[in-house]
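Scroll down for the structure; my scribbles are underneath it.
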Amino acid sequence: MIDSQKCIQISELSFRWPESASALLNIPSLSITQGESIFIQGSSGSGKSTLLNLITGVLLPNKGNITILGSNLNDQNHNDQFRVDHFGIIFQQFNLIPYLNVFENITLPLSFSMRRKTRLEIAHKSLKAEATRLLDSLSLVGDNIQQRNVTELSTGQQQRVAVARALIGSPEIIIADEPTSALDADAKQDFLDLLFQESKHSHSTLIFVSHDQTLSNKFDRILSMSEYK
Amino acid sequence: MQLKLLSLAIKSLRFRKFSVGLTIFSLAISIMLLFGVDTIRVQTKSNFVNTISGTDLIVGSRSGSVQLLLYTVFHIGNATNNVSWQSYEKIIKHPRVAWTIPISLGDSHKGYRVVGTTQDYFTHYRYHRNKQLELKDGQQFENLFEAVIGANVAKELSYILGDEIILAHGMGNVNLAQHKNLPFSITGILEPTASPVDNSIFISLPSLEAIHIGWEFGVATNTTLTADDIKDDDPRLETKSITAFFLGLKSKHDVFSIQRAINDYKQEPLLAIIPGVALLELWKVIGVVETILLLIAGLVVITGLFGMLAIILTNLNSRRREIAILRSVGASPLAILFMMIIETELLVIIGILIGLGLMYSSLIILNSVLQDTIGLTIELMPPSLFQWTLLGSILLAGFIISFIPAFSAYRKTLQDGLSIRS
Numbered sequence: 069m070i071d072s073q074k075c076i077q078i079s080e081l082s083f084r085w086p087e088s089a090s091a092l093l094n095i096p097s098l099s100i101t102q103g104e105s106i107f108i109q110g111s112s113g114s115g116k117s118t119l120l121n122l123i124t125g126v127l128l129p130n131k132g133n134i135t136i137l138g139s140n141l142n143d144q145n146h147n148d149q150f151r152v153d154h155f156g157i158i159f160q161q162f163n164l165i166p167y168l169n170v171f172e173n174i175t176l177p178l179s180f181s182m183r184r185k186t187r188l189e190i191a192h193k194s195l196k197a198e199a200t201r202l203l204d205s206l207s208l209v210g211d212n213i214q215q216r217n218v219t220e221l222s223t224g225q226q227q228r229v230a231v232a233r234a235l236i237g238s239p240e241i242i243i244a245d246e247p248t249s250a251l252d253a254d255a256k257q258d259f260l261d262l263l264f265q266e267s268k269h270s271h272s273t274l275i276f277v278s279h280d281q282t283l284s285n286k287f288d289r290i291l292s293m294s295e296y297k
Numbered sequence: 082m083q084l085k086l087l088s089l090a091i092k093s094l095r096f097r098k099f100s101v102g103l104t105i106f107s108l109a110i111s112i113m114l115l116f117g118v119d120t121i122r123v124q125t126k127s128n129f130v131n132t133i134s135g136t137d138l139i140v141g142s143r144s145g146s147v148q149l150l151l152y153t154v155f156h157i158g159n160a161t162n163n164v165s166w167q168s169y170e171k172i173i174k175h176p177r178v179a180w181t182i183p184i185s186l187g188d189s190h191k192g193y194r195v196v197g198t199t200q201d202y203f204t205h206y207r208y209h210r211n212k213q214l215e216l217k218d219g220q221q222f223e224n225l226f227e228a229v230i231g232a233n234v235a236k237e238l239s240y241i242l243g244d245e246i247i248l249a250h251g252m253g254n255v256n257l258a259q260h261k262n263l264p265f266s267i268t269g270i271l272e273p274t275a276s277p278v279d280n281s282i283f284i285s286l287p288s289l290e291a292i293h294i295g296w297e298f299g300v301a302t303n304t305t306l307t308a309d310d311i312k313d314d315d316p317r318l319e320t321k322s323i324t325a326f327f328l329g330l331k332s333k334h335d336v337f338s339i340q341r342a343i344n345d346y347k348q349e350p351l352l353a354i355i356p357g358v359a360l361l362e363l364w365k366v367i368g369v370v371e372t373i374l375l376l377i378a379g380l381v382v383i384t385g386l387f388g389m390l391a392i393i394l395t396n397l398n399s400r401r402r403e404i405a406i407l408r409s410v411g412a413s414p415l416a417i418l419f420m421m422i423i424e425t426e427l428l429v430i431i432g433i434l435i436g437l438g439l440m441y442s443s444l445i446i447l448n449s450v451l452q453d454t455i456g457l458t459i460e461l462m463p464p465s466l467f468q469w470t471l472l473g474s475i476l477l478a479g480f481i482i483s484f485i486p487a488f489s490a491y492r493k494t495l496q497d498g499l500s501i502r503s
């Protein structure tokens with residue numbers, strides 16, 4: 069991966085919900101380089117989630133262009149495959165499928181993405197070994213941790229499993245949507261450190277969305293949703 | 082990836098085992114009911130149509146065919162006229178006739194019909210597809226004043242071998258003139274047959290003549306006669322007429338020509354019927370009840386399917402999070418749609434399998450009970466063509482129904498995108 073490569077490029081973007089009169093988002097220009105870490109700050113209702121849905125191709129803009137890794141996101145059917153191939157996504161909380169165990173949750177993206185699976189195979193890593201490596205580096209250890217039911221884990225542990233799932237197969241972009249809001253202050257910082265360390269390790273672009281500005285000091289760049297009104 | 086969706090669907094179903102289990106169970110019960118009713122319905126019909134089998138023709142004095150069937154086979158109603166012994170002897174001498182069973186009706190015992198006949202009854206009478214009458218206890222009647230009773234008669238009246246019974250003149254329970262002077266002794270008790278045989282008492286034709294000595298005008302003129310007064314070769318024991326007779330042919334091909342010959346018999350107005358045809362005619366009247374039962378069972382299955390739909394739709398709302406997560410890892414809305422269809426169809430398939438399992442196992446249990454008590458056997462058979470059609474329709478209905486939650490999930494998927502709503 070060449071670090072100077074353009075990862076995300078947005079130009080002349082405008083989005084509004086079909087039933088609403090005014091645009092929710094207006095982004096004249098935004099450019100993110102591969103490997104950058106971006107903090108997007110905004111209060112609830114400011115359009116953070118909408119922006120993430122646009123970047124990941126779930127929503128299509130009314131006007132303008134979004135180019136991710138050189139591809140234009142204008143075909144929704146194509147976008148689902150593109151998303152799993154290039155994005156790792158972490159939600160606020162309850163990130164995991166309750167009926168799958170830790171290992172199955174972590175490797176879930178690989179069954180939808182040949183690209184990420186192949187990437188592991190080229191590196192000669194077995195699924196099991198990679199899951200173990202990720203869990204170790206995220207300090208998630210314990211007897212038979214991979215076979216455990218995810219509902220038995222604490223919220224902090226669950227969030228780290230979600231990070232492992234986002235990172236497996238090294239997608240180019242990690243999106244984290246308020247991933248720390250359910251954690252206490254100490255855990256927040258630890259979690260953030262781990263997330264940074266691991267996305268650096270896989271040279272991924274990290275896009276972190278939060279209303280909590282105190283977390284922003286480590287990031288390369290800070291964007292505010294208020295600029296995009 | 083289809084395999085991945087299937088395995089996700091299975092794991093998701095397993096995770097919600099309680100509500101899923103209840104859904105499957107109610108569906109299984111309704112399917113058991115439907116197929117149980119249908120199996121019993123088909124077999125009851127086949128047993129009914131085979132109430133009497135092996136007999137090619139039933140011959141009696143001329144009346145309606147259903148009437149002749151009712152009084153000879155089901156012992157319901159009475160004959161208007163008898164068949165003379167001369168006519169009977171003439172017909173049985175026909176070279177194409179293999180065997181006959183004469184029957185003489187008219188007397189009863191505590192509401193149970195007395196059938197005067199010969200030992201040929203035990204040799205040639207067949208029911209339910211070629212089953213022969215078997216004695217549970219004792220032996221066939223041989224001498225005068227001996228009786229063989231059906232299983233029900235023995236059970237209801239608690240009779241055992243050697244008990245003495247008194248026959249009454251005519252049918253009914255009250256105020257009948259009784260043949261008190263000439264009691265009968267029970268020499269045999271038949272196995273249950275689940276047919277009118279169970280409610281019959283069999284005696285020989287000479288015995289029947291014997292108790293009617295002195296009754297030539299319908300009332301008793303000589304009630305002091307005892308068994309000792311009658312010898313086996315007494316000319317008064319000669320049979321002058323019978324009510325009807327069952328007839329077996331050497332070749333089935335002759336049924337219609339012999340039937341026509343008997344119906345055209347000049348000396349006496351006779352009627353010959355083919356029992357299977359007459360039984361089918363009768364079934365058309367009483368079989369309606371079974372069709373209604375089947376219809377009700379069908380409605381229960383439809384209710385089961387709607388119950389399943391309701392539970393799936395209720396669960397759907399709490400699964401929006403799960404769906405958003407699946408989308409974030411690359412599941413397309415179409416994949417979510419497929420997963421929902423697979424889940425619903427799996428429920429239906431498991432429901433059908435359990436339902437059929439329940440039906441067959443309860444039939445096995447029911448069978449042993451039925452066999453012991455009323456002698457009815459329900460054969461366990463693989464699903465009939467009709468039942469395969471039913472199975473196919475249920476699967477299809479499940480498939481169609483599955484689109485309702487699937488489209489609902491699909492729409493929510495498009496609405497929610499990656500944002501989690503709870």
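In the order they appear, the protein sequences are chains A and B. Residue numbers for the first sequence follow my numbering, beginning at 69 and rising by one. Residue numbers for the second sequence follow my numbering, beginning at 82 and rising by one. Don't be surprised by glycine CBs; every beta carbon is placed ideally from N, CA and C.
DSSP state of residue i mapped onto helix, strand, coil
i, result
"A/E246", "coil"
"B/T181", "strand"
"A/S267", "helix"
"A/V170", "helix"
"B/N128", "helix"
"B/Q496", "helix"
"A/Q160", "coil"
"A/N142", "coil"
"B/N396", "helix"
"B/G135", "coil"
"A/I70", "Caution is warranted here: a pLDDT of 42 is assigned to A/I70, below 50, making its placement in the model unreliable, and no coordinate value can be reported."
"A/S181", "coil"
"B/S503", "Caution is warranted here: a pLDDT of 46 is assigned to B/S503, below 50, making its placement in the model unreliable, and no coordinate value can be reported."
"A/R84", "coil"
Exposure label - residue i; buried when at least 16 CB within 10 Å
i, result
"B/E460", "exposed"
"A/E172", "buried"
"A/Q226", "buried"
"B/R177", "exposed"
"A/I219", "At residue 219 of chain A the sequence reads Thr, which differs from the Ile that was named. Classification for A/T219: exposed."
"B/D188", "buried"
"A/T186", "exposed"
"A/Q160", "buried"
"B/I343", "buried"
"A/I78", "buried"
"B/I373", "exposed"
"B/F480", "exposed"
"A/F83", "buried"
"A/T282", "exposed"
"B/K312", "exposed"
Beta-carbon proximity list for residue i, same chain, < 6 angstroms, skipping 5 on both sides
i, result
"A/I70", "Confidence in A/I70 is poor, its pLDDT being 42 and thus under 50, which makes the residue's placement too unreliable to answer from."
"A/K223", "This sequence places Thr at residue 223 of chain A; Lys is not what is there. If we look at A/T223 and ignore the five residues flanking it on each side, its Cβ neighbours are A250."
"B/L394", "P486"
"A/S267", "I242, L274"
Cβ shell of residue i (< 7 angstroms), same chain only, five flanking positions each side left out
i, result
"B/S322", "N163, V164, S165, W166"
"B/Q496", "none"
"B/I383", "none"
Nearest-angstrom Cα separation, counted from residue j out to residue i
i, j, result
"B/T79", "B/I184", "Residue 79 of chain B falls outside the range modelled here, since chain B spans only 82 to 503, and no answer is possible."
"B/I446", "B/G329", "37 angstroms"
"B/S146", "B/Q124", "24 angstroms"
"B/L472", "B/L437", "10 angstroms"
"B/S503", "A/K116", "Low per-residue confidence applies at B/S503: pLDDT is 46, beneath 50, and the placement is therefore not dependable, though the value from the model is reported in the following sentence. Answer to the nearest angstrom: the Cα atoms are 18 angstroms apart."
"A/F162", "A/V209", "20 angstroms"
"B/K92", "A/L168", "7 angstroms"
"B/I422", "B/L407", "16 angstroms"
"B/A291", "B/V196", "14 angstroms"
"B/H190", "B/P316", "26 angstroms"
"A/H146", "A/L235", "22 angstroms"
"A/V170", "B/T494", "24 angstroms"
"A/I76", "B/I112", "56 angstroms"
| message | Runs of 3 residues minimum, wholly inside the stretch 225-302 of chain B: which ones carry the beta strand (DSSP E) assignment? | response | 227-230, 265-271, 281-285
| task | Could you name each continuous alpha helix (DSSP H) segment of 4 residues or more that falls completely within the stretch 138-220 of chain B, going from the start of the chain to the end? | result | 146-150, 166-173, 201-205
| query | Where are the alpha helix (DSSP H) runs, 4 residues long or more, that stay fully inside the stretch 197-257 of chain A, in chain order? | reply | 223-235
| request: Entirely within the stretch 314-369 of chain B and at least 3 residues each: give me those beta strand (DSSP E) ranges in chain order. | output: 325-330, 351-354
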